[in-house]
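Working notes, beginning with the structure itself.
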Amino acid sequence: MASPWSSSLPSCLPLLLFLLQLSWSTAGQFRVIGPGHPLRALVGDEAELPCRIYPGKNATGMEVGWYRPPFSRVVHLYRNGRDQDAEQAPEYRGRTELLKESMGEGKVTLRISNVRFSDEGGFTCFFRDHSYQEEAAMELKVEDPFYWINPGVLVVIAVLPVLLLQIAVGLVYFCLQHRLRGKLRAEIENLHRTFGQFLEELTPGLGVSSGGVSALTGPGSPSHRRGTSGAGSPSGHGGGGSAQMHHNRSCHRAGSRRASPQDVCACDSRAPWGSGRTSRNGCSCWSCWECEQTGGYAGWSAC
């Protein structure tokens, strides 16, 4: 059989909680709540450490402060409605500020400027109302903004620009070399072409045609026909040519290896074999029997 107390207990539980909370508030009791997770800040930046009381109430008449264990170094202290800067630890003087905008609701925030590596570690926030005090611990982690830089990264940063510069210089050198090589090849071809044109213009003045060089060694060259009897050879050419060479002293002298330029019949390998051709001195050149450069002129013309 259930007792009457057990049946009426659930209905009285909310009333008991309300009375308990009312007694805490009248007695000035509260709890201090911190962020609940590690706070992070960068070196040289600002860090904010929030803290509040529960249940929320006006904390302007309370003593509020932060200190660092284990030696209770005062980071910041608020008492009698004002900041007590004289009681701060030397390393925090001029670097802290208490944000009081929400202090009427029991919420405060400590701002630390110019964060240092020495600021990393634990902090304790406390609220004191007359003789009643509650605290909350929190942790601050300080990070280097260049934490990702290690010796290996520094080496890469130092070497990479030099390597890229060398690659760029190599590419420029290769392109310039390729371009200059093409220009040099074009200049050499142009020089060969100009020299060939010069030789073609020079050989007619020397009594040798543009094809005279090939005529000296080709199948129809005089050396190839040497010893072959024909109409144009000194030993076997016809009566007309022979008589002309016999009776014409100029043509006779033209057959000499050391004939003067005025007596030389011009050899023209382009002329058909045995075709008649008249030189400057009136000789009828039936063929070029053997053209030889003798002092820049052609000799051994058979007339």
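According to mature numbering (1 follows the signal peptide of the UniProt record, and there is no 0), the stretch in the sequence shown is residues -27 to -1, 1 to 276, in order. Quick reminder that beta carbons are idealized off the backbone N, C-alpha and C, glycines included.
Which of helix, strand or coil DSSP assigns to residue 61: Correct three-state label for residue 61: coil.
Same chain, Cβ closer than 6 Å to residue 61, neighbours up to 5 away in sequence not counted: 47.
For the segment 99 to 126, list the beta strand (DSSP E) runs that are entirely contained and at least 3 residues long, ordered along the chain. If we require 3 residues or more, the beta strand (DSSP E) runs fully inside the segment 99 to 126 come out as 105 to 116.
Any idea if residue 151 is buried or exposed, counting beta-carbon neighbours within 10 angstroms, 16 or more meaning buried? Classified as exposed, residue 151 has fewer than 16 neighbouring CB atoms from the shown chains inside 10 Å of its CB.
On a CA-only basis, which of 40, 16, 32 is nearest residue 109? Give me that one, please. Nearest option by C-alpha distance: 40.
Please go through the same chain and pick out, in chain order, the residues whose beta-carbon is closer than 6 Å to the beta-carbon of residue 82, but skip the five residues on each side of it. Correct list, in chain order: 21, 23, 72.
Can you list, in chain order, the residues of its chain with a C-beta nearer than 6 Å to that of residue 144? Leave out the 5 residues immediately preceding and following it. Cβ neighbours of residue 144 within its own chain (closer than 6 Å, five residues either side excluded): none.
DSSP state of residue 156, grouped into three classes? Three-state DSSP puts residue 156 in a helix.
Which residue wins for smallest C-alpha separation from residue 87, given the options 6, 125, 70, 79? The alpha carbon of residue 87 has as its nearest neighbour, out of 6, 125, 70, 79, the alpha carbon of 70.
Below 8 Å on the Cβ atoms is my contact criterion, and I expect residue 117 with residue 5 to pass it. Report the Cβ-Cβ distance as a whole number of Å. Going by Cβ atoms, the distance from residue 117 to residue 5 rounds to 31 Å, so no, they are not a contact pair.
As an exercise, report each continuous beta strand (DSSP E) stretch of at least 3 residues that is fully enclosed by the segment 18 to 66, in chain order. DSSP runs (the beta strand (DSSP E)) wholly in the segment 18 to 66: 20 to 27, 36 to 41, 46 to 52.
Where does residue 79 sit, in a helix, a strand or coil, going by DSSP? In the three-state DSSP reduction, residue 79 falls in the coil class, being neither helix nor strand.
Looking at residue 29: is its Cβ nearer than 8 Å to the Cβ of residue 95? Taking a C-beta distance under 8 Å as the contact criterion, residue 29 and residue 95 do not qualify as a contact pair.
Between the alpha carbons of residue 97 and residue 42, how many angstroms are there, rounded? If I take the Cα positions, the gap works out to 8 Å.
Would you say residue 161 reaches chain C, if we count a Cβ-Cβ gap shorter than 8 Å as a contact? The question asks about chain C, but that chain is absent: this structure has only one protein chain.
Residue 27: buried (16+ other C-beta within 10 angstroms of its C-beta) or exposed? So residue 27 counts as exposed.
Residue 84 and residue 19 closer than 8 Å at C-beta: For residue 84 and residue 19, yes; Cβs fall inside 8 Å.
Provide the residue span of the beta strand (DSSP E) that contains residue 70, from first to last. It spans 69 to 72 - the beta strand (DSSP E) in which residue 70 sits, taken as one unbroken run.
Nearest to residue 89 by alpha carbon, out of 13, 166, 168? Nearest of 13, 166, 168 to residue 89, Cα basis: 13.
Can you tell me whether residue 9 is helix, strand or coil according to DSSP? DSSP places residue 9 in coil when its eight states are reduced to three.
Could you give the DSSP three-state label for residue 94: helix, strand or coil? In the structure shown, residue 94 falls within a strand segment according to DSSP collapsed to helix, strand and coil.
Residue from 9, 149, 155 whose Cα sits closest to the Cα of residue 112: It is 9.
Residue 4 (DSSP reduced to helix, strand or coil): Note: residue 4 maps to strand in three-state DSSP.
Please say whether residue 100 and residue 32 have beta carbons closer to each other than 8 Å? Yes, the Cβ-Cβ distance between residue 32 and residue 100 is below 8 Å.
Any idea what DSSP makes of residue 164, helix, strand or coil? The answer is helix: DSSP assigns residue 164 an H, G or I state.
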